[in-house]
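Heads up, the thing below is written out as structure tokens.
2 protein chains.
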Amino acid sequence: MQDEPNEHLVRAGAFSVEEREAVYRAIRTRRDVRDQFLPDPLPEDLIARLLQAAHSAPSVGFMQPWNFLVVRDQARREAVWQAFCRANDEAAEMFSGERRDSYMRLKLEGIRKAPLGICVTCDPTRGGPVVLGRTHNPRMDSYSTVCAVQNLWLAARAEGVGVGWVSIFHQDDIRALLGIPEHVEVIGWFCVGYVDRLYDQPELALKGWRQRLPIEDLVFGEVWGAPLSAAFDRET
Amino acid sequence: MQDEPNEHLVRAGAFSVEEREAVYRAIRTRRDVRDQFLPDPLPEDLIARLLQAAHSAPSVGFMQPWNFLVVRDQARREAVWQAFCRANDEAAEMFSGERRDSYMRLKLEGIRKAPLGICVTCDPTRGGPVVLGRTHNPRMDSYSTVCAVQNLWLAARAEGVGVGWVSIFHQDDIRALLGIPEHVEVIGWFCVGYVDRLYDQPELALKGWRQRLPIEDLVFGEVWGAPLSAAFDRET
């Protein structure tokens, strides 16, 4: 084991103003897309770039616990959609009155409309029984996988591709449909397709479900509950 | 509730080639920084931009379950470091022989060296007892918080700022040090500081701990285990 692989330490300063703004634009304009998918198929090389971006994510102990199942087949996506519908009926039961009416009017999935589905999974056995950094937090492997998801999502925004995260399903239904081993966690089903329009704010805010919280209320200085004097720009 | 807030649907195509490359450069060159932190303090407006990037993350049911505790005080960071050391001694016990020697030589934290610590937490009660999209996967709130982490991490890369994720601690130790309520999950402690050099590959790979897995082995087509014909560029 090398102690100091110095020849691999390379210059890494701040990006140019334009590059920095591109990164922030991806972060700021990314949306959880439900309905704006175009039917055009995605080229192979674009899909490969999105998956490479995901695979560039950090992972606890470098275990890289993720897998990506790329699903184009319409019958298979239809079966996933039916699993979603069963779970969604159960979810709607959790709300009552006007809130349930609102819930039923939301378009919660683009499983059938998006030309591509990507099922992202986490294999907790990937790095052997002891993983560096996971001993005190057994969820670190799934957290690594979510970092891969967010990489893919931001890369997709830059490519003009929308992504929608579907979490309303029973894991066993999705495992059965895609042949996923029982010990592997299904992190999410992602609807993926070209978009030419996106909402300028989160859809749930625009549709009155829940509004954005003021960032000042979420940031503390030194200890929980103490304000931080930071220059937040309310416009961004 | 509005059914179709069309005036909020705005044009959102692909970025320019240069902008797209900036996003991919942030994703590709981001590192989990352990030791390269410079002591220079971070300006308030830069910290605010990083936190705004985090707050732009997707969240299940738009619950925005995250909080960010910005810790600059040296004595407090020293106390966090001591909590890390206690946990790290326990973690080292999980390895034996040469593997334990390797573990002990890794620099696993920059808690004292980085001028700033950010503790990121997840409050599962933020959105009330029933959260849209969380019913079938109770971990969706912490996954949303991890999306915020990855946003912050990529924004930091573009700003010339390094980030290191520390997961080796007992949650109760960190809660006690920072006054975090018991029902709130500590997602991670993040060491944050300017960097002018970064490794050109993940540090754990360079130091022989574990190598990058071939992406072809992690991507399947249609069902688990079936190869996907995608044009992966092995150089990226």
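Note that the protein sequences, when read in sequence, are chains A and B. With the first letter of the first sequence counted as 1, position 171 gets the number 171 in full-length UniProt numbering; the numbers rise by one all the way through. With the first letter of the second sequence counted as 1, position 59 gets the number 59 in full-length UniProt numbering; the numbers rise by one all the way through. Think of the CB as a built atom: it goes at the ideal place given N, C-alpha and C, for glycine as much as any other residue. Just so you know, these numbers come straight off a predicted model, no measurement behind them.
Going by DSSP, which residues form a beta bridge with residue i?
i	result
Thr121/A	Asn67/A, Val186/A
Phe220/A	Pro227/A, Leu69/B
Cys191/A	Gly117/A, Gly164/A
Tyr199/A	Leu9/B
Asp32/A	Val163/A
To the nearest angstrom, how far is the alpha carbon of residue i from that of residue j?
i	j	result
Ile27/B	Arg28/A	16 Å
Arg197/A	Leu51/B	26 Å
Trp153/B	Val23/A	11 Å
Trp224/A	Leu69/B	7 Å
Met140/B	Asp123/A	17 Å
Met1/B	Lys207/A	Note on Met1/B: pLDDT 44, under 50, position unreliable in the model; no value is reported.
Val130/A	Glu93/B	11 Å
Asp39/A	Ala114/A	As written in the sequence, residue 39/A is Pro, which differs from the Asp given in the question. In a straight line, the C-alpha of Pro39/A is about 7 Å away from that of Ala114/A.
Asn151/B	Arg99/A	31 Å
Phe37/B	Pro43/A	40 Å
Ile180/B	Ala79/B	15 Å
Gln74/A	Pro41/A	12 Å
Met63/B	Arg126/B	6 Å
Residues of chain A with CB under 8 Å from residue i, in chain order?
i	result
Trp66/B	Leu218
Pro181/B	Trp224
Thr125/B	Going along chain A, no residue has its Cβ under 8 Å from Thr125/B, so there is no contact; the nearest lies around 14 Å.
Met104/B	Within 8 Å Cβ-Cβ: nothing; Met104/B doesn't reach chain A, min ~11 Å.
Val120/B	Result: empty, since nearest Cβ-Cβ is about 10 Å, beyond 8 Å.
Among residues of its own chain, excluding the 5 on either side of residue i, which ones have a beta-carbon nearer than 6 Å to its beta-carbon?
i	result
Ala148/B	Ala54, Ala57, Trp66
Ser59/B	Ser144
Trp81/B	Ile111, Arg112
Name the chain B residues whose beta carbon is nearer than 7 Å to that of residue i?
i	result
Phe190/A	Here the premise fails: no neighbours, minimum Cβ distance about 11 Å.
Gly193/A	The premise fails here: Gly193/A is roughly 13 Å from chain B at the closest Cβ pair, so nothing lies under 7 Å.
Val71/A	Glu222
For residue i, return the contacting residues in chain A, with the cut-off set at a CB-CB distance below 7 Å.
i	result
Pro58/B	Asp32, Trp165
Taking C-beta pairs closer than 9 Å, name the residues in chain B that residue i reaches, listed in chain order.
i	result
Pro202/A	Pro58, Ser59, Phe62
Trp209/A	Met1, Gly61, Phe62, Leu132
Ala87/A	Thr135, His136
Can the beta-carbon of residue i be found less than 9 Å from the beta-carbon of residue j?
i	j	result
Arg20/A	Ala48/B	no
Ile215/A	Val120/A	no
Trp189/A	Val161/A	no
Ala25/B	Phe15/A	Note that residue 25/B corresponds to Arg in the displayed sequence, not to Ala. Cβ atoms of Arg25/B and Phe15/A: closer than 9 Å.
Tyr103/B	Ala87/B	no
Leu116/A	Gly164/A	no
List the residues of chain B whose Cβ lies closer than 8 Å to the Cβ of residue i, in chain order.
i	result
Ile111/A	Those do not exist, as Ile111/A stays about 14 Å from chain B at its closest Cβ, beyond 8 Å.
Phe169/A	His136
Who are the near neighbours of residue i in its chain, counting only those whose CB is closer than 8 Å to its CB and skipping five residues on each side?
i	result
Ala83/A	Phe169, His170, Asp173, Ile174, Leu177
Using a Cβ-Cβ cut-off of 7 Å (strictly less than) and excluding sequence neighbours within five positions of residue i, which residues of its own chain qualify?
i	result
Ala226/A	Phe220
Ala12/B	none
Arg30/B	Trp153, Leu154, Arg157
Asn137/B	none
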